[in-house]
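In the working numbering, the protein residues as written are 182 to 263. C-beta atoms are modelled at their ideal positions from N, C-alpha and C, and glycine is treated no differently.
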Amino acid sequence: NIFVSSGAYYYLADMHKKDGNYLKAFLYKEKSDSLLEVTRNAELQKQLLDLQNKYENDKLILENKQIRLENEKQTYFYLYSY
């Protein structure tokens, strides 16, 4: 799990910081942050995909409504033109 790994790296960073080993603390903090960034990016991609799917779905619904209205319009035209 990415969150568990990130938490473990964060804990290691905190331990090394308390021990005064700032280089290792920094490196572990970087690993923790990069894992969280991957998670954020994946969530943003999922949200974007959901929005794209909703847009495409709404677009198809509107196109179908337009076609249906055009067909009704033609039907009324034929019915009332005679």
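Under the three-state reduction of DSSP, Asp-231 is assigned to helix. Going by DSSP, Asp-195 is part of the alpha helix (DSSP H) stretching over 183-199. Each residue's CA atom was taken as its position, placing Gln-233 and Ala-223 some 15 Å apart. Around the CB of Tyr-236, fewer than 16 other CB atoms lie within 10 Å, so the residue is classed as exposed. Contact holds between the segment 186-193 and the segment 205-221, because three or more Cβ pairs, one in each stretch, are under 8 Å apart.
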